[in-house]
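Numbering (the numbering used here), first residue to last: 20 to 1023.
The structure appears below as structure tokens.
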């Protein structure tokens, strides 16, 4: 509410300021100057009949002083300013002392003691000193209303001082100094006293002037004039020589003027101003009441006032509209009848707060879920409060209730509550972590998924600045350093590092971090941090969406491993090798520093794999990968292409090709020796060897990665052909052999389909050449190549997998031969070689039986030759298959006995009926004592186990005789006969059997 009028200070400084105050002071000074000039003239002008005039002046001054006291003492008793109290009580003493001065003046009747100038002067000086002290106190004491406690101490002190002055002057005048000498005038003491008083009054005037701008309750301007006038009065009293002269009269006149201004100042302060303030208050009160009435009618809130009995005394239009009652209808009625309220949630009636306010005198507010039921039954949600109506003394006069229609607000709040509930539900149901922070990093939202991701309950995170502890500290520090270089400003390794780029760009910023769970686990998280803005678009913080991508990262790594790494050995695969090789080849061309590429292939790994099974083979490959890695330098790369093929990349070997080649050979030799060390696998020791081919790069500008691989592969095959377990450097001439091998493989594949193979038979006889059995041997007659020896293509067939269709053809053809032999009347047995790969086929047994049945061949005349590798491989599978076929009538022979994984245990377990002693032991057995001992041992074993023994590769009579002497009964070799076509075999050994055994053996 605006102010209704000027303040008290403004009133005193404005309305009570005498017009022309400065002019008044100037006017007062002019007569004094004239008196001053007259006092300097010789002789003195005395006033006739001065005593009545003096009595008039003094009586007037006494009356004014008494009025000053009376008005000041009785005005605003409880709130009189201390300055006004000091001034008014001081002038009570002044009035009494001036009265003593009046009665003691020369010419007046005796007042206790004879009247005279000195007695009058004594009272005069006492009155002037009392007035000076009163003015000084008024000028220094507080001017604001103060405590009434000073009233009686002040008046008591004044009366005590006044009484003391009367006692001293009337009864002890001799104790007082002389102030007047007849015929001479005033004494120096009197003049000095007057000058001192002048200074005191002047000081009071100055103090009043200096405090003129303070918030005040005194009429300071009239006080200044009064102090100046009294000061001039005292100046006049310093000039007179006779109590009847002009200076004395002028002093009394100035004194009267000063008293009059003092009276006006006190009157204005104590009487005029309060009445003026009262008038203004009444006017202001009317204005405020009018404003209150207009406000009451125009405010948007309902208002009902009651008396102390709780009856309605006032209502505004809004209250009329909301309650349905008019003012005329409601006034005088109990408020509970007009103001009917209930709880919005329960529908229960709620007590009107008026009675509560009347009982305790305190303001009471109702909750926002209060409903006002109007007279017509309509309902409005309200927010209300009730306050006591009290006067300044705290007396209760009634209660005022103010209430507001918040139906729309309530509906909005309910809608907002529903929206917040929905948002909270969405937030908590989100499949991603949601973290909201303030601009300075205080976490405000940490949803349920964020709790699950990081393992922290929201209570530990919300309200803190601990968001950075959810991330790897070293990662944050490194990221902060990178951001500082990028943004050109320092970035702290904490919350700043998480939001710096978003803060600078204003755009959402993705990130991937290592998260730290509460249980210490490290996880991978993906984040998207964006600005969090309010509805007005102002940035309020940051919103971070977090996804746990640990499984995705693991899957990506697995996919990467599958794409770039061999799953068995975890070595780089061909794809990753090609990438590295391509990069190192380009680097070598740019830097001029040579590298090398090696192709390492295990010798006869298929034999081990077939003999011991794939599980043991895989174990060996994993152990081999570890050995190769341990042998190489940190920057080298070893890769597994497939099977038992490994490629080793050696970059940066030197600036000279010869030097690089020499280093590569030394590394290759270390690798070869590392491979040759026995492997402890499945509680057994296994030995294997490797053939290594190497090539140095770059050799030409147009040399490709595939060229290097082909060169290393070619050198490796050269090592194979060179006896295995050796190392070969690539030579361009090697490509001829490699290409020949490739062409041979292509021709071999065509030959299987074109039927270019023929079955030859080599007899197995007794020492005298009598036929016992025969071995089926394959021969290839190529249209262009001519005859191709088995040693030239069997290995290629094994490596290429063509041995399977070739083996099936041999088996079927052998069954046809047996059928022919049987039809020709021969009971000759036929042995067929079975490759390990063929034997491991799940359909092997079924295929053998199907071939026998298809040709109607007696299975007892078929002998399957297997190697020791098959025998000691997957022993259970081997026994099962051999037992199935043996039950069908098929016999088994153990081929190349003594060259493989010899073990006596499997001879007991397998249904083997025959041992074939390899030609490597038979050759020169009559001259080689080592071979002789081994052969004798083998023959002894076969004899003791009840097995037939067949000696392969017998080429001389001495060899035959040695073997026969040691108990060998069946022989096979060129000494007896060469392999021959089936027709020749039948003609020689079946249709003309008399030739068999009668002719001398054919000596080849």
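Ideal Cβ placement from N, Cα and C applies to all residues, glycine included.
Computed from a predicted structure; not experimentally measured.
The Cβ atoms of residue 393 and residue 343 lie closer than 8 Å to each other.
The C-alpha of residue 465 is placed about 13 Å away from the C-alpha of residue 457. By the Cβ rule, the stretch 598-615 counts as touching the stretch 663-683, because three or more pairs are nearer than 8 Å. In the DSSP secondary-structure assignment, residue 541 is bridged to 535. In this structure, residue 694 sits away from residue 651, with a CB-CB distance that is not shorter than 8 Å. Taking 8 Å as the upper bound for CB-CB distance, residue 462 and residue 483 are in contact here, some 6 Å apart. Separation of the CB atoms of residue 543 and residue 528 is rounded to 18 Å, and the pair is thereby denied contact status at 8 Å.
Excluding five sequence positions before and after residue 170, the CB atoms of its chain that fall closer than 7 Å to its own CB belong to 104, given in chain order. With contacts defined by Cβ atoms closer than 8 Å, residue 320 and residue 422 form a contacting pair.
Annotation: residue 450 to residue 503 spans about 33 Å, alpha carbon to alpha carbon. Taken through DSSP and simplified to helix, strand or coil, residue 370 comes out as coil. Taking the CA atoms as reference points, residue 325 sits about 36 Å from residue 436. As DSSP reads the structure, residue 883 sits in a beta bridge with 851, 911. Across the structure, residue 72 and residue 142 are spaced so that their CA atoms are roughly 18 Å apart. Bounds of any alpha helix (DSSP H) do not take in residue 559; it lies within the beta strand (DSSP E) bounded by 558-567. Put simply, the backbone Cα of residue 797 is about 10 Å away from that of residue 852. Remark: C-beta atoms of residue 256 and residue 277 do not approach each other more closely than 8 Å. For residue 752, there is no enclosing beta strand (DSSP E), as DSSP marks it with neither H nor E. By the 16-neighbour rule on beta-carbons within 10 angstroms, residue 560 is buried.
Residue pairing by DSSP puts residue 548 in a beta bridge opposite 528, 563. Only residues of its own chain outside the window of five on either side were considered, and among them 665, 709, 711 have a CB closer than 6 Å to the CB of residue 619, listed in chain order. In the DSSP assignment, the residues bridged to residue 591 are 584. Look at residue 701 here: in three-state DSSP terms it is coil, with no helix or strand label. Per the coordinates, the alpha-carbon of residue 480 lies some 16 Å from the alpha-carbon of residue 446.
Under the three-state reduction of DSSP, residue 332 is assigned to strand. In the same chain as residue 523, and ignoring 5 residues on each side of it, the C-beta atoms closer than 8 Å to its own belong to 506, in chain order.
Looking at the backbone, the Cα of residue 632 and that of residue 991 are separated by about 32 Å. Taking a contact to require three or more Cβ pairs closer than 8 Å, the stretch 969-988 and the stretch 936-956 qualify as touching. The C-beta distance from residue 617 to residue 667 rounds to 4 Å, short enough to fall under 8 Å. For the pair residue 822 and residue 850, the CB atoms are not nearer than the 8 Å cut-off. Listed in chain order, the beta strand (DSSP E) elements of length 3 or more contained wholly in the stretch 656-704 are 656-661, 664-673, 698-700. Between residue 595 and residue 661, the C-beta spacing is not below 8 Å. Following the DSSP letters along the chain, one finds residue 824 inside the alpha helix (DSSP H) bounded by residues 822-842. When only Cα atoms are considered, residue 539 and residue 549 end up about 28 Å apart. For residue 456, the uninterrupted beta strand (DSSP E) segment begins and ends at 452-457. Contact fails between the stretch 755-763 and the stretch 780-789, because fewer than three Cβ pairs, one in each stretch, are under 8 Å apart.
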